[in-house]
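In the working numbering, the protein residues as written are 232 to 707. Cβ coordinates follow ideal geometry from the N, Cα and C atoms, glycine included. First up is the structure itself, then whatever we jot down about it.
Okay, here's the thing in structure tokens:
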């Protein structure tokens, strides 16, 4: 379907990106719907707490989806798991678009979330295993950029449809997620399976063919031979170590597996506990102006996401996340200070002055702690737990997303500007955590990343040993 070489690599990248456009669209589409009068009438005009549940139950479904992926992802393989997740989303979206009660909406959003949780746990690992080591950051960071594109499309579509009368103004935006899902389902049919997964299943001939197609080389090419032997060697080492027992996650092993899983989990925790959902959903304006401002905020998020997509392989992973967390701390501090003037003669001018810091927050968030965890997680996890470890890491995103969505409105309503101080402190605390506990992984192949945790000689971590060979991560 995609041929060999560049065409195949572009097909893999585009499929992964469109799936994350769907991710973003699903995240953003309901934000412009919950204030719609026809929609509120269908769900019996729920209070703010019930609206929070309607929005948040999707995240619980996503959390369950990561658990499903943890249990069956390795057995199904990447291609079948992605196709299955998209088919699941299509079913849930159809029921959502046709909903006529709050109960039906809750059940369908939960159902749709399961599919989203499955593919967001699968796609970054698949892309990481089928891309060049020197471009791994660009390819995987482009997926959160695609999330931003999806959110922006959803926000502006909602804004445009808000001027249309009748139920179509909310049913159509919800139904349009089906389009993205079907596109991905068709594109996945032409994709190869991960060569590493094929080798692990004893299907070495198929894995070798995928390597040849991916690099557009013959089976006797030195590079293909080297990569194939690397995969086989890595699998043999896994067999010698024996099957990893997840009950031993807090126990020490040679590869520091438990620590690495917790580091992947921690990054997704940081992704949500920096307060991004507070920024997006609690601007405090009337419906139409809130939609408009929300759309502009999401455009800033997309602009910021271009930075790690094109520069994370040059500047690394660690420093952008540290400086990004510090920048988010400063934005939250300024927002808190300016909103603290509420009830005074300076309230209006201070509130106006706070708006640029909302924009700046989303710009910095997109450029740092949003994108990079999606590439860092699959990188840092060892081969024998990569798929399941990524599922656990992504579960943190959905768990804490739900938590913030649930308590955020309460914090802002009850504590006002003081609520932002909580997230300000989280962002400041992330800076030393990133500095002391997270090693740099940019431009290292997966074997070299293993050596960072095995206390290998310093020379093994030097720049001389950094991979300059495309595809090095595919075979270690």
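Legend entry - Span separating the alpha-carbon of residue 642 from that of residue 650: Computed Cα separation, rounded: 5 Å.
Legend entry - Of the listed residues 615, 382, 669, nearest to residue 484 (C-alpha basis): Checked all of 615, 382, 669; the closest Cα to residue 484 is 615.
Legend entry - residue 372 beta carbon less than 9 Å from that of residue 256: Taking 9 Å as the Cβ cut-off, residue 256 and residue 372 do not qualify as a contacting pair.
Inset, instruction - May I ask you to report which of helix, strand or coil DSSP gives residue 515? - result: With a pLDDT of 49 at residue 515, under the threshold of 50, the predicted position of this residue should be treated as unreliable, and no value is reported.
Inset, instruction - Take residue 236 and list the residues in its own chain whose beta-carbon comes closer than 6 Å to its own, dropping the five residues that flank it on each side. - result: Contacts found: 447.
Inset, instruction - Whole angstroms is fine: what's the gap from residue 556's alpha carbon to residue 510's? - result: C-alpha separation (whole angstroms): 15 Å.
Inset, instruction - Count the C-beta pairs between the stretch 623-638 and the stretch 501-509 that are closer than 8 Å, then say yes if the count reaches three, no if not. - result: Cβ pair count under 8 Å is three or more, so yes.
Inset, instruction - Pick helix, strand or coil for residue 362, following the three-state DSSP scheme. - result: Coil.
Legend entry - residue 669, enclosing alpha helix (DSSP H) - first and last residue: Element bounds for residue 669: n/a, residue is neither H nor E.
Inset, instruction - Output the boundary residues of the alpha helix (DSSP H) element that contains residue 562. - result: Following the DSSP letters along the chain, one finds residue 562 inside the alpha helix (DSSP H) bounded by residues 549-570.
Inset, instruction - Give me the Cα-Cα distance between residue 365 and residue 415, rounded to the nearest whole angstrom. - result: Taking the straight line from one Cα to the other gives about 26 Å.
Inset, instruction - Go through the stretch 378-461 residue by residue and report every complete run of the alpha helix (DSSP H) that reaches 4 residues or more, in order. - result: 399-406, 408-419, 426-431, 435-446, all fully within the stretch 378-461.
Legend entry - Any alpha helix (DSSP H) of 4 or more consecutive residues that is wholly inside the stretch 259-320: 268-273, 279-307, all fully within the stretch 259-320.
Inset, instruction - Using a threshold of 9 Å, state whether the C-beta atoms of residue 250 and residue 356 are closer than that. - result: Not a contact, by the Cβ cut-off of 9 Å.
Inset, instruction - Rounded to whole angstroms, what's the CA-CA distance from residue 427 to residue 368? Just pull it up for me. - result: Linking residue 427 to residue 368 through their CA atoms gives a straight-line distance of about 20 Å.
Legend entry - Enclosing alpha helix (DSSP H) for residue 604 [first to last residue]: Residues 603-611.
Inset, instruction - Can you grab the Cα-Cα spacing for the pair residue 445 / residue 599, in whole Å? - result: When rounded, the distance between both Cα atoms is 30 Å.
Inset, instruction - Determine the extent of the alpha helix (DSSP H) in which residue 616 is found, giving its start and end residues. - result: Annotation: residue 616 is outside any alpha helix (DSSP H) and is labelled neither H nor E by DSSP.
Inset, instruction - Closer than 6 Å by C-beta to residue 264: which residues in its own chain qualify, once you throw out the five before and the five after it? Chain order, please. - result: Around residue 264, the same chain offers 270, 401 as residues with beta carbons nearer than 6 Å, after the five sequence neighbours per side are excluded.
Inset, instruction - Return yes when the Cβ of residue 381 is within less than 9 Å of the Cβ of residue 411, no when it is not. - result: Yes, the Cβ-Cβ distance between residue 411 and residue 381 is below 9 Å.
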